[in-house]
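Structure record follows, encoded as structure tokens.
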Amino acid sequence: MSAYAALTGAGFRAQVRDKATLFFTFAFPLIFLVVFGLIFSGQDVKASGRPYISYIAPGVMSWGVANAAVFSVAFTLMQWRRDDLLRLIRMTPTRLPAVLGSRYVLALGVGVVQAVLFVGIALLPPFGLELKSSWPLALPVLVFGITAFLTIGVVIGSLADTPEAVAAIANCLMVPMAFLSGSFMPMDMLPDWLQTGSRILPLRYLNDAVSAALSGRGDMGDIVLGCGGLVVFTVIFGAVSLKTFRWSNRA
Amino acid sequence: MTDATAVPAERHEATEQTTIVIEEIRKRYGDRDAVAGVSLQVRRGEFFGLLGPNGAGKTTLVEIMEGLREADSGKVTVLGQQPWPRNVALLPRMGVQTQSSAFFVRQTAREHLTTVAALFGAGHDAADSALADVGLTGQRDVMVENLSGGQRQRLAIASALVHGPELIFLDEPTAALDPQARRDLWEVLRGLKRQGRTIVYTTHHLDEAEALCDRVAILVDGRIAALDSPHNLVSSAGVPTRLMIPEGRLSPEDALAIEGVDSAELQGGSLVLETRVSGQVLTAVDKLAGLNDVQTRTATLEDVYLELTGSLAGTGQDGDNDTEQQA
Numbered sequence: 001m002s003a004y005a006a007l008t009g010a011g012f013r014a015q016v017r018d019k020a021t022l023f024f025t026f027a028f029p030l031i032f033l034v035v036f037g038l039i040f041s042g043q044d045v046k047a048s049g050r051p052y053i054s055y056i057a058p059g060v061m062s063w064g065v066a067n068a069a070v071f072s073v074a075f076t077l078m079q080w081r082r083d084d085l086l087r088l089i090r091m092t093p094t095r096l097p098a099v100l101g102s103r104y105v106l107a108l109g110v111g112v113v114q115a116v117l118f119v120g121i122a123l124l125p126p127f128g129l130e131l132k133s134s135w136p137l138a139l140p141v142l143v144f145g146i147t148a149f150l151t152i153g154v155v156i157g158s159l160a161d162t163p164e165a166v167a168a169i170a171n172c173l174m175v176p177m178a179f180l181s182g183s184f185m186p187m188d189m190l191p192d193w194l195q196t197g198s199r200i201l202p203l204r205y206l207n208d209a210v211s212a213a214l215s216g217r218g219d220m221g222d223i224v225l226g227c228g229g230l231v232v233f234t235v236i237f238g239a240v241s242l243k244t245f246r247w248s249n250r251a
Numbered sequence: 001m002t003d004a005t006a007v008p009a010e011r012h013e014a015t016e017q018t019t020i021v022i023e024e025i026r027k028r029y030g031d032r033d034a035v036a037g038v039s040l041q042v043r044r045g046e047f048f049g050l051l052g053p054n055g056a057g058k059t060t061l062v063e064i065m066e067g068l069r070e071a072d073s074g075k076v077t078v079l080g081q082q083p084w085p086r087n088v089a090l091l092p093r094m095g096v097q098t099q100s101s102a103f104f105v106r107q108t109a110r111e112h113l114t115t116v117a118a119l120f121g122a123g124h125d126a127a128d129s130a131l132a133d134v135g136l137t138g139q140r141d142v143m144v145e146n147l148s149g150g151q152r153q154r155l156a157i158a159s160a161l162v163h164g165p166e167l168i169f170l171d172e173p174t175a176a177l178d179p180q181a182r183r184d185l186w187e188v189l190r191g192l193k194r195q196g197r198t199i200v201y202t203t204h205h206l207d208e209a210e211a212l213c214d215r216v217a218i219l220v221d222g223r224i225a226a227l228d229s230p231h232n233l234v235s236s237a238g239v240p241t242r243l244m245i246p247e248g249r250l251s252p253e254d255a256l257a258i259e260g261v262d263s264a265e266l267q268g269g270s271l272v273l274e275t276r277v278s279g280q281v282l283t284a285v286d287k288l289a290g291l292n293d294v295q296t297r298t299a300t301l302e303d304v305y306l307e308l309t310g311s312l313a314g315t316g317q318d319g320d321n322d323t324e325q326q327a
């Protein structure tokens, strides 16, 4: 068995054996979807005349996928370093790309399951999401999104030495970003300057591109722009993560 | 006493019989010398102990050998190669015991070891044989979080053995074990030595170092204060052997008349003789008073250690750590 396959297997077992992580990854974002979906059931956004669910479903999905990517790799890196497991890996001939590659594949798998689950629920009658024919494009968009947010998670996991620090940094980043990027409420409800300002947030690009693909709120140009933005964030945070990565907490 | 100046100069060229050669290694943290010019060799198949008080530089020195740290100056050769920077050709030939927390979470003992084995590219049955080596076969399906302290310690050792390395670094391997588990682990460690593996081992248990190690280096303030076999260190330490004869069997005056007796005084119901030639004095005592119930206390590695490390802090040893034997 290759190091990459073994690490992926261990990561998969750790993931499915932890009920708290499963809840946080799958059920928690679903609560947002259900609550917002039921509150605004059958209502349209005045500014655009589109149903709320066409905003909320892609928004909550993007946020849930991004959140899981950030938290899972940040927690894992912090924990592996704290427990000296990274030191153990450092003392084996396994290369760092195999280690990060296994986390990447796990994050992609989680993201795909989340996407199928969230869209599946949103399609149910009480919510009434209507998928556009461009929906398969959401898949590559999600891959770009997971990649970008994974690099952010690597940076957080390298900076934070405790679970509390991971949660604090990641939440401070992800919760405001969710509101400012239109995950929980339509961007059309935000003032113009905020709509423009939110262009500096990676989740905005993920939201826009997923919305364009799933519910047709936007066109092919929005999907390409979203993916391009996510690539830029991946390069920036990838470079930062190379600088901040540490094998050990010891000086 | 063996001191730094008395450490015999070693030849520093690597041979087939040498696993680790370090020459004039120095490592500084801020204005403190963690390792201040250490040279030593670890021979192939040797059980080599690294002793010293906390902060003496043991961990830094071991991490330099393992390739986890770069020395400021000096030369390190491990199995004929440079361990720094990270040398992936060398790593599979070394095994490093980690902290007993370094386990993949929510895995069984066997799953953890299988993963570690795969990281080394070792075969699938490597995990089972490593579990058997450390006596954890019965716990193979127990989650690592549910193992006892001693079992975790053994799993950490198994993680260092799973790929069959030639050189093994062990850090306080018996720290969390009860006396029986400790003795059991000694057998595991002796078994590794019998298989021809080289072991570098740090510990605070001096009885253990004396029982297991072929040679020990005592590190004080980043320097080697002594390096030799435990037997030679104890012999050359010049700590006298004490003979305890039940009171009344022999007078202090008669005892002092025996050739080789340095002192004789009554203590706690015994006449205590101090001598550096215990064999000769025991023969004489046998003739004068018989050897029934005569006890001898010889110096141990701990006496040597305490004298070396304590003298620097101005606190000499008090002789309470002798081993006791019936003559």
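Same order as they appear, the protein sequences are chains A and B.
Here full-length UniProt numbering is used: position 17 in the first sequence is 17, and no number is missing along the way.
Here full-length UniProt numbering is used: position 190 in the second sequence is 190, and no number is missing along the way.
We treat Cβ as the ideally placed atom computed from N, Cα and C, and that holds for glycine.
Note that the structure is predicted; figures quoted are calculated from it, not measured.
### Task
Specify whether the region 231-244 of chain B and the region 276-284 of chain B touch according to this definition: at least 3 beta carbon pairs, one from each stretch, less than 8 Å apart.
yes
### Task
For the region 205-267 of chain B, list the alpha helix (DSSP H) runs that are entirely contained and at least 4 residues long, ordered along the chain.
206-212, 230-237 and 252-257
### Query
Would the region 33-46 of chain A and the region 97-113 of chain A be scored as touching if the rule is three or more Cβ pairs under 8 Å?
Touching, no, given that fewer than three Cβ pairs across the two stretches are closer than 8 Å.
### Query
Comparing the C-beta of residue 17 of chain A with each C-beta of chain B, is any distance below 9 Å?
yes
### Message
To the nearest angstrom, how far is the alpha carbon of residue 143 of chain B from that of residue 113 of chain B?
### Response
12 Å
### Query
So what's residue 19 of chain B in DSSP terms, helix, strand or just coil?
strand
### Query
Can you round the beta-carbon distance between residue 275 of chain B and residue 261 of chain B to whole angstroms, since I take them to be within the 8 Å contact cut?
5 Å
### Task
Can you give me the Cβ contacts of residue 21 of chain A inside the same chain, cut-off strictly under 7 Å, excluding the 5 residues immediately before and after it?
15
### Task
Figure out for me which residue from B/199, B/110 and B/300 has the closest Cα to the Cα of residue 235 of chain B.
B/300
#### Entry: Sub-9 Å separation of residue 116 of chain B and residue 127 of chain B beta-carbons
A contact, by the Cβ cut-off of 9 Å.
### Message
Do residue 2 of chain A and residue 118 of chain B have their beta-carbon atoms positioned less than 9 Å apart in this structure?
### Response
yes
### Message
On a Cα-Cα basis, can you pick out the residue from A/56, A/93, A/83 and A/202 that is closest to residue 153 of chain A?
### Response
A/202
### Task
Please decide whether residue 197 of chain A counts as near chain B, where near means a Cβ-Cβ distance under 9 Å.
By this cut-off, residue 197 of chain A is not an interface position.
### Query
So, are the CB atoms of residue 88 of chain A and residue 98 of chain B less than 9 Å apart?
yes
#### Entry: 7 Å CB neighbourhood of residue 178 of chain A in its chain, flanking five on each side removed
63, 184 and 203
### Query
For residue 242 of chain A, which option in A/209, A/156 and A/231 has the closest C-alpha, if you only look at C-alpha atoms?
A/156
### Query
Among the residues of its own chain, which have a CB less than 7 Å from the CB of residue 172 of chain A, if the five just before and after it don't count?
none
### Task
Taking only beta carbons into account, state which residues of the region 28-58 of chain B come closer than 9 Å to chain A, listed in chain order.
29
### Query
What is the residue span of the beta strand (DSSP E) that residue 199 of chain B lies within?
198-202
### Task
Compare the beta carbon distance of residue 168 of chain B and residue 190 of chain B with 9 Å and say whether it is the shorter of the two.
no
### Query
Any idea what DSSP makes of residue 215 of chain A, helix, strand or coil?
helix
### Message
Using C-beta distances below 7 Å, list every residue in its chain close to residue 23 of chain B, excluding the 5 sequence neighbours before and after it, in chain order.
### Response
12, 39, 74 and 75
### Query
Quick check: the region 71-90 of chain A against the region 46-57 of chain A, are there 3 or more CB pairs under 8 Å?
no
### Message
Between residue 50 of chain A and chain B, is the shortest Cβ-Cβ distance under 9 Å, so that the two count as touching?
### Response
no
### Query
Could one say the Cβ of residue 12 of chain B lies closer than 9 Å to chain A's Cβ atoms, at least one of them?
Its pLDDT being 45, under 50, residue 12 of chain B is placed unreliably in this model, and the coordinates cannot settle the point.
### Query
Along chain A, which residues have their Cβ under 9 Å away from the Cβ of residue 107 of chain B?
10, 13, 14 and 17
### Query
Is DSSP giving residue 276 of chain B helix, strand or coil here?
coil
### Message
Can you tell me where the beta strand (DSSP E) holding residue 162 of chain A begins and where it ends?
### Response
First-last for residue 162 of chain A: undefined, no H or E at that position.
### Task
Compute every distance between the C-beta of residue 77 of chain A and the non-hydrogen atoms of the ligand ADP, then say whether any falls below 8 Å.
With respect to small molecules bound, the structure shown includes none, and the ligand ADP cannot be examined in it.
### Short CB-CB distance (under 9 Å) between residue 88 of chain B and chain A
At a cut-off of 9 Å between beta-carbon atoms, residue 88 of chain B makes contact with chain A.
### Query
Closer than 7 Å, Cβ to any Cβ of chain A: which residues of the region 134-163 of chain B, in chain order?
159
### Task
Under 7 Å between beta-carbons, which chain A residues line up against residue 119 of chain B? List them in chain order, please.
What residue 119 of chain B touches in chain A: 3, 6, 89, 92 and 94.
### Task
Identify which residue in B/86, B/277 and B/55 has its Cα closest to the Cα of residue 64 of chain B.
The shortest C-alpha separation from residue 64 of chain B is found at B/86.
### Query
Using 9 Å as the limit for Cβ to Cβ distance, is residue 270 of chain B near chain A?
no
### Task
Could you tell me which of A/90, A/80 and A/234 sits nearest to residue 298 of chain A, measuring between CA atoms?
Outside the shown range of chain A, which is 1 to 251, sits residue 298 of chain A, and nothing can be said about it.
### Query
Which chain B residues are close to residue 222 of chain A, counting only those with a beta carbon under 8 Å from its beta carbon?
What residue 222 of chain A touches in chain B: nothing, since even the nearest Cβ is about 40 Å away.
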